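Trainee: Here it is, the structure in full.
There are 4 protein chains.
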Amino acid sequence: MKDTATESMIQAVSDRLESFGFVVHKVVGVNQTILGAIGDKRSVEPSEFEVMEGVHEVLRITVPYKLASRTFHPENTVIEVKCASFGGEQVSVIAGPCSVESEEQMYTIAREVKKNGGRGLRGGAFKPRTSPYAFQGMGEEGLRIMQTIGEELGMPVVSEIMEINQLDLMLRYVDILQVGARNMQNFSLLRELGTIRKPVLLKRGLAATIEELLMAAEYIMSGGNYQVIVCERGIRTFETYTRNTMDISAIPVTQKLSHLPIIADPSHGTGRRAKVAPMARAAVAAGANGLIIEVHHDPDRALSDGAQSLYPHQFQRLMEELRMIAWAIGKHI
Amino acid sequence: MKDTATESMIQAVSDRLESFGFVVHKVVGVNQTILGAIGDKRSVEPSEFEVMEGVHEVLRITVPYKLASRTFHPENTVIEVKCASFGGEQVSVIAGPCSVESEEQMYTIAREVKKNGGRGLRGGAFKPRTSPYAFQGMGEEGLRIMQTIGEELGMPVVSEIMEINQLDLMLRYVDILQVGARNMQNFSLLRELGTIRKPVLLKRGLAATIEELLMAAEYIMSGGNYQVIVCERGIRTFETYTRNTMDISAIPVTQKLSHLPIIADPSHGTGRRAKVAPMARAAVAAGANGLIIEVHHDPDRALSDGAQSLYPHQFQRLMEELRMIAWAIGKHI
Amino acid sequence: MKDTATESMIQAVSDRLESFGFVVHKVVGVNQTILGAIGDKRSVEPSEFEVMEGVHEVLRITVPYKLASRTFHPENTVIEVKCASFGGEQVSVIAGPCSVESEEQMYTIAREVKKNGGRGLRGGAFKPRTSPYAFQGMGEEGLRIMQTIGEELGMPVVSEIMEINQLDLMLRYVDILQVGARNMQNFSLLRELGTIRKPVLLKRGLAATIEELLMAAEYIMSGGNYQVIVCERGIRTFETYTRNTMDISAIPVTQKLSHLPIIADPSHGTGRRAKVAPMARAAVAAGANGLIIEVHHDPDRALSDGAQSLYPHQFQRLMEELRMIAWAIGKHI
Amino acid sequence: MKDTATESMIQAVSDRLESFGFVVHKVVGVNQTILGAIGDKRSVEPSEFEVMEGVHEVLRITVPYKLASRTFHPENTVIEVKCASFGGEQVSVIAGPCSVESEEQMYTIAREVKKNGGRGLRGGAFKPRTSPYAFQGMGEEGLRIMQTIGEELGMPVVSEIMEINQLDLMLRYVDILQVGARNMQNFSLLRELGTIRKPVLLKRGLAATIEELLMAAEYIMSGGNYQVIVCERGIRTFETYTRNTMDISAIPVTQKLSHLPIIADPSHGTGRRAKVAPMARAAVAAGANGLIIEVHHDPDRALSDGAQSLYPHQFQRLMEELRMIAWAIGKHI
């Protein structure tokens, strides 16, 4: 409460807190009175009390998410899909082109990924492009190609879902459904993904705090789907040399706050090929449970994101380095 | 090109540019060679050339949007809906509660808005809440209430559409469809809104640049719907005292780059009631074409956003101040 | 405390708080125990307790500054220097060139400023340039020119001090000493400015929170100099169209938290001439106690910051608009 | 130039460019004309041309620094001080307490650092504290203690210089002079450090771009002191869980743009002890040339920054992990 708050203002706030089901403790200081509200009421927003007369500030002590919180689920959640495993001692690397462009392209790249120890295939069939005039993806045909190749190589397939109407289609072809950074707070989509029983790869929004990322995971989990892998892929800051600034510290922070696995996307996180390997190594060194990386056998001619795709020989070398780094902290690739 | 680029690298880039339909000019400097590519190829992304050997940097001289650009449409677009007008000399103020809660609540507030010179009614029926456990809105019943009151008072009604599946419903009840900040880059939704013939109020995303805001408008316009009103509602910065930082300078910048009207939302832009009036005045003083403001007759008991809603008497006083400020720069409320 | 904290951990934190002179209140909740520490110990940093075993989070309820806080000094501080007044009903506009370049240049511009109602003269003699190769200012000769003209026109003179060693010199010539954004946390300089008895114009750092700005003011005030005018001049955000993003909401926020006057610098805040007038109007509409603006009679040939300097005729028109806006909120220019 | 620029406007800009010594090339496009100015004129600021009539935008192709640029100095600069080496294959770890508190404290910690492979000692004697009421450091006595211990253990000593007046004192006791983040653009101080012949450890400012960091290095180098080690220590972003966001990608980016060594400070970069080791590992994995880390044998009782200081046993384990990570990328600790 403000130092100018009267007894009756303090009483009014106290009464209102009790009407919400909280047990209220009053602490009287030299200049100010503090009201401590005890109770498990995640649906009450602090701002609803900040407007009351005499209130100085409302601080939330407990986190606003529950299912995603490590407090209520101390052990790591381990998500296993085919040969990939996220959350345990394995660091699973998913790789592939930005967009599926043809069966041959996908096959060429997938074999390189497999050969070098990759454990998942990525590829976009529907692309969220900033410009309405850019290539928008192959659609269902792209999904079909990925599924065929994924099954042949025994690797799970990851692709992005852009809207609710694509859900049935995606479920038919894809092993892990990716939610892009721009859709991290598309709550209608999140709610729908709570009803399915396949893992969701949830990317952090460009301006999302770690708490908001975990709240978005909570949206999915509150529908009954607990298989959520979150992904750090760079946040927007004032630094413009890299497209985004990868918040590597989000990896250990998320692992402290939540039991969910977290992976990193150094391709979108940097937007520049030459920075992908250093940031991939940094993410694994910081404890990431996996990576998702763009690889292309002919990036100069890629239909999207060529500038940030690794050549196969770069991917090979990176995987060798990652193996040693993982080993340095008690994990393996 | 880099200072280390060889003749053949320069030739390769030049050839590739020409294959995309550009006319190429070569400027040879002391240390570096610069290739100027002339042509109207908005679909080509600079990054597609940045990956080529010997390339130092690719800079785009022209903006990546066209329909939204003032270059190709020098006069202001003026959007008129009932008594409201955006883009001309009138500064139209839209006001109302965050959420429609009941017919009585909406009616009480709407009359206050009308009486004080407001020219549009706002109210949420479907609420995008950060927490899955918070109040999610009245749905269709809320829309029906707004429509009835809007028609009685002769005021256009603004409400937020959260997903494509709500489109038919929204079109039946609402005069201006709002796209929330979190959906600014929900490209599926934007594309759909390009097919309708009602004005769209497009809010700037928390981490969106002005260029990205105008690209989102371009998405809608490329479908044939040119009635787009953009809205500054605060961006995310390191300052945490206010919920967001209103980027008032975005108002004159957008008006320079685009012919579309731009309004401001000081309620979401600040998140604090006491800051709404100063920021509303600032926006109008900076040249905003309108405002969208939350007003509630009993904000302590509002089901959402009470902390940032003005009391009716505060709204009244603000409108008086705005009248004089608008007049100071040759406009009227 | 964490939900896993043992009784002995809680006791250890409680004991340590008491050893610092706090009175401790213990609130026992369902999952967690909260310790409330009451006392006026501004020198204790929360982080010193965050490291203790079992501690979940340390939240400071009171602000870390005291002399700058409105809590302990409810009335506005009004700072008067010659014809200028900051903090009362007058909105004082300081204007002039970025750098003093010659007596003739300064004189030409100063007369324009005076004629149009400006109440202070600005001009740089020592310039903090990002590049070591750029023009660094006229030095003492520039100060002498400003003083002569300021005295003739009866206007106070504002110039930037860059280091402690310039203090004697500045005191001889200047009425208000400006601390630039880059020096806002140059604590050695701040401490020295606490010992003088002339007003200090303290600019907000590019990445400084409002709390840090007020802490910097506190540094000066803790030395006994209470005449501090703070200045919003733009913060660094991801938006790059404008050089900085002016945080107009910092004006009402600072006025709520502190009794010190706050002015705005729309020239550095935007870095673009065409945006100076809209942002100057916005700042006054939001309640700023003054402005500091760059004006130049021949900006194309200015030795620094020409791109953001107003022409005299633009300054004249702006002052006319500002007069009406100030009047709309009960102030005058 | 703008599409509306007339021939005479284009000629005026072209003439002015030539008057600055540039060779001008004119490229005429469909809608716009582009003027390419060739010449090595780092002191000319683009904004000086942006104000001219008809100018659309001025883009700088070359970087504004020269001595710090890799273009003009392709090999790494290797800085060697006693047993430490920055810029070559060794990754040198500097460690020690935030502040020197006593001879015994410093000695205890220094031996731990030495034993575990540290190659430099850090310790503050003059502390830049945000609050004027916090512990300000031991001053000269602290420097003397560090020097004695550094000489005994054969390790170079690093301490922060806060103002020009401390320069003689620092030179007497310290091997590497640190410039703190808040002073990164204290140009007076930088210029003075250009005249000495000891290495300078220059920390990146909280809101400084990589280009600005290298410009600050250029300030020092332009005075003749080429021994500059730059340091990434976190930037300010919207994420508040960690005190700052470490921009790990700044490490490879700086190494690409400049020949200067870059080290990382995970202690200030995160502000939280539990995040120091993951971020230290990430920095080395990304290619950092060294680290500077806070270690304290009794952090609960440290007079400053205890919350981010590692315990000796944590430091020991970290050094073991770092050894393997360095080896994975062809380096050693």
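Protein chains in written order, with my numbering: chain A, 1 to 333; chain B, 334 to 666; chain C, 667 to 999; chain D, 1000 to 1332. C-beta: ideal position from N, C-alpha, C; glycine also. Owing to the predicted nature of the structure, the values given are computational and were not obtained by experimental measurement.
Looking at the secondary structure, which residues open and close the alpha helix (DSSP H) in which B/Y475 lies?
Mentor: Taking the second sequence and counting its residues from 1, the one referred to as residue 475 of chain B is at position 142. This sequence places Gly at residue 475 of chain B; Tyr is not what is there. Looking at the DSSP string, the run of the alpha helix (DSSP H) that includes B/G475 is E473 to L486.
Trainee: Pick helix, strand or coil for A/K114, following the three-state DSSP scheme.
Mentor: The residue labelled residue 114 of chain A in the question sits at position 114 within the first sequence. Three-state result, A/K114: helix.
Trainee: According to DSSP, B/A514 sits in a beta bridge with which residue or residues?
Mentor: In the second sequence, residue 514 of chain B corresponds to position 181, counting from 1. According to DSSP, which records beta bridges pairwise, B/A514 is partnered with nothing at all.
Trainee: Starting from the Cα of B/Y552, find the closest Cα among B/E434, B/V512, B/T578 and B/S492 and give me that residue.
Mentor: Translated into positions along the second sequence, residue 552 of chain B becomes position 219. Nearest option by C-alpha distance: B/V512.
Trainee: What beta strand (DSSP E) runs, 3 residues minimum, are completely inside the region 398-464 of chain B?
Mentor: List check, beta strand (DSSP E) in window: 412-414, 417-419, 425-429 and 453-455.
Trainee: Please specify which runs of the beta strand (DSSP E), each continuous and at least 3 residues long, are wholly inside the region 262-289 of chain A, giving them in chain order.
Mentor: 262-264
Trainee: Please list the residues of the region 1288-1313 of chain D that have a C-beta atom closer than 7 Å to any C-beta atom in chain C, keeping them in chain order.
Mentor: P1298, D1299, G1305 and A1306
Trainee: Would D/V1156 be called buried (16 or more neighbouring beta carbons within 10 Å of its own) or exposed?
Mentor: The count along the fourth sequence starts at 1 and reaches residue 1156 of chain D at position 157. D/V1156 should be labelled buried.
Trainee: Can you say whether D/D1167 is buried or exposed, counting buried as having 16 or more other CB atoms within 10 angstroms of its CB?
Mentor: Start at 1 with the first residue of the fourth sequence, and residue 1167 of chain D comes out as number 168. Exposed, by the Cβ-count rule.
Trainee: Along the region 520-549 of chain B, where does the CB come closer than 7 Å to a CB of chain A? Name the residues.
Mentor: F520, S521, L539, A540, E545 and M548
Trainee: Got a sec: is the Cβ-Cβ distance from C/I676 to anything in chain A below 8 Å?
Mentor: Residue numbering aside, residue 676 of chain C sits at position 10 when the third sequence is read from its first letter. Contact of C/I676 with chain A is not assigned, every C-beta pair being separated by 8 Å or more.
Trainee: I'd like to know whether the C-beta atoms of D/M1278 and A/A286 end up nearer to each other than 8 Å.
Mentor: Locating residue 1278 of chain D in the fourth sequence gives position 279, where the first residue counts as 1. Locating residue 286 of chain A in the first sequence gives position 286, where the first residue counts as 1. Yes, they are a contact pair.
Trainee: Taking its Cβ as the centre, do 16 or more other Cβ atoms sit within 10 Å of B/D580, making it buried, or is it exposed?
Mentor: Numbered from its first residue, the second sequence carries residue 580 of chain B at position 247. Flag for B/D580 reads buried.
Trainee: In whole angstroms, give me the CA-to-CA distance for D/H1258 and D/G1035.
Mentor: Indexing the fourth sequence from 1 puts residue 1258 of chain D at position 259. Indexing the fourth sequence from 1 puts residue 1035 of chain D at position 36. Going by the C-alpha atoms only, they are around 28 Å apart.
Trainee: Looking at C-alpha atoms only, which residue of B/I543, B/G556 and B/M517 is the closest neighbour of A/Y133?
Mentor: Sequence index remark: in the first sequence, residue 133 of chain A carries index 133 (1-based). With respect to the C-alpha of A/Y133, the residue from B/I543, B/G556 and B/M517 having the closest C-alpha is B/G556.
Trainee: Out of curiosity, what's the CA-to-CA distance linking D/E961 and D/D1002?
Mentor: Any property of residue 961 of chain D remains undetermined from this structure, which presents chain D solely from 1000 to 1332.
Trainee: For A/I176 versus A/K198, is the C-beta spacing smaller than 8 Å?
Mentor: In the first sequence, counting from the first residue as 1, residue 176 of chain A sits at position 176. In the first sequence, counting from the first residue as 1, residue 198 of chain A sits at position 198. Yes; because the gap between Cβ atoms is below 8 Å, this pair is in contact.
Trainee: Output, in sequence order along the chain, the residues in the region 557-575 of chain B whose CB is closer than 7 Å to any CB in chain A.
Mentor: Listed in sequence order: R569.
Trainee: Is the Cβ-Cβ distance between C/P744 and C/S751 less than 8 Å?
Mentor: On the third sequence, residue 744 of chain C is found 78 positions in, with the first residue counted as 1. On the third sequence, residue 751 of chain C is found 85 positions in, with the first residue counted as 1. Note that residue 744 of chain C corresponds to Val in the displayed sequence, not to Pro. Contact flag set, yes.
Trainee: Answer with buried or exposed for C/N831, where buried requires no fewer than 16 other C-beta atoms within 10 angstroms of its C-beta.
Mentor: Residue numbering aside, residue 831 of chain C sits at position 165 when the third sequence is read from its first letter. Label assigned to C/N831: exposed.
Trainee: Listing by chain order, which chain B residues have their CB less than 7 Å from the CB of C/D913?
Mentor: The sequence position of residue 913 of chain C within the third sequence is 247, counting from 1. Under the 7 Å cutoff, chain B gives E572 and T578.
Trainee: Can you have a look at D/E1074 and say buried or exposed, based on whether 16 or more other CB atoms are within 10 angstroms of its CB?
Mentor: Working through the fourth sequence from its first residue, we reach residue 1074 of chain D at position 75. So D/E1074 ends up on the exposed side.
Trainee: Mind checking C/G820: buried by the 16 CB within 10 Å criterion, or exposed?
Mentor: Sequence index remark: in the third sequence, residue 820 of chain C carries index 154 (1-based). It is exposed - the Cβ of C/G820 has fewer than 16 other Cβ atoms within 10 Å.
Trainee: Run through the DSSP bridge pairs and tell me what C/K692 is partnered with.
Mentor: To locate residue 692 of chain C, count along the third sequence from 1; it is residue 26. Note: C/K692 sits in a beta bridge opposite C/L701.
Trainee: Which residues, taken in chain order from the region 1050-1070 of chain D, show a beta carbon closer than 8 Å to some beta carbon of chain F?
Mentor: No chain F is part of this structure, whose protein chains are labelled A, B, C and D.
Trainee: Counting Cβ pairs, one atom from each stretch, are 3 or more of them under 8 Å apart for the region 144-153 of chain A and the region 566-575 of chain B?
Mentor: no
Trainee: Excluding the 5 residues preceding and the 5 following A/R111 in the sequence, name in chain order all residues of the same chain whose CB lies nearer than 8 Å to its CB.
Mentor: In the first sequence, counting from the first residue as 1, residue 111 of chain A sits at position 111. Only L153 meet the Cβ criterion.
Trainee: What is the rounded straight-line gap between the Cα of D/G1020 and the Cα of D/M1000?
Mentor: Your numbering for residue 1020 of chain D matches position 21 in the fourth sequence. Your numbering for residue 1000 of chain D matches position 1 in the fourth sequence. About 20 Å.
Trainee: Please state the DSSP three-state secondary structure of D/E1210.
Mentor: Within the fourth sequence, residue 1210 of chain D is the residue found at index 211, counting from 1. D/E1210 falls in the helix class under three-state DSSP.
Trainee: Is D/T1253 helix, strand or coil by DSSP?
Mentor: Residue numbering aside, residue 1253 of chain D sits at position 254 when the fourth sequence is read from its first letter. Helix.
Trainee: Using 8 Å as the limit for Cβ to Cβ distance, is B/K608 near chain C?
Mentor: To locate residue 608 of chain B, count along the second sequence from 1; it is residue 275. It does; some Cβ of chain C falls within 8 Å.
Trainee: In the DSSP assignment, find the unbroken alpha helix (DSSP H) run with D/V1012 in it and report its ends.
Mentor: To locate residue 1012 of chain D, count along the fourth sequence from 1; it is residue 13. In this chain, the alpha helix (DSSP H) harbouring D/V1012 covers E1006 to S1018.
Trainee: Kindly list, in the order they appear in chain C, the residues whose Cβ is closer than 8 Å to that of A/G36.
Mentor: Working through the first sequence from its first residue, we reach residue 36 of chain A at position 36. V693, G695, I700 and G702, listed in chain order.
Trainee: What residue does the beta strand (DSSP E) around A/L201 start on, and which one ends it?
Mentor: In the first sequence, counting from the first residue as 1, residue 201 of chain A sits at position 201. From DSSP, the beta strand (DSSP E) with A/L201 extends over V200 to K203.
Trainee: Can you give me the Cβ contacts of A/T270 inside the same chain, cut-off strictly under 8 Å, excluding the 5 residues immediately before and after it?
Mentor: On the first sequence, position 270 is the one that residue 270 of chain A refers to. Contacts found: G234, T242, R243, N244, M246, V276, M279 and Q308.
Trainee: Count the other C-beta atoms from every protein chain shown that fall within 10 angstroms of the C-beta of C/G816, then say buried if there are 16 or more, exposed otherwise.
Mentor: Mapped onto the third sequence, residue 816 of chain C falls at position 150. By the C-beta density criterion, C/G816 is buried, having at least 16 other C-beta atoms within 10 angstroms.
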